[in-house]
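*Asks:*
Numbering (the working numbering), first residue to last: 156 to 239.
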């Protein structure tokens, strides 16, 4: 069951990669919109990854960890972009 805990890492990686790309490419006035899109994509990706696991045990914990981690990454990026 320990390998299932690693199912949250791809979602966190997606949020990190998405925020870095947004920081490098997006115009400053449109970054908040794109960050919301990245967060929505992370939520959808969370459910895709969890459905691919085919395990009921710990679903809520894994999904919560994935989404909260992605939210923390996006919130940190938002704070950093606010000061840039």
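Virtual Cβ for every residue (Gly too), placed ideally from N, Cα, C.
(1) In this structure, does DSSP put residue 211 in helix, strand or coil?
(2) Sort 193, 216, 186 by Cα distance to residue 170 and report the nearest one.
(3) Let me know the secondary structure DSSP gives residue 177 once reduced to three states.
(4) Of all the options 205, 180, 190, 162, which has the alpha carbon lying nearest to the alpha carbon of residue 323?
(5) Between 198, 163, 224, 174, which has its C-alpha nearest residue 188's C-alpha?
*Replies:* Taking the geometry as given:
(1) Correct three-state label for residue 211: coil.
(2) The residue with the shortest Cα to Cα distance from residue 170 is 193.
(3) Correct three-state label for residue 177: helix.
(4) Not covered by the structure: residue 323. The range shown for the chain is 156 to 239.
(5) Closest by alpha carbon: 174.
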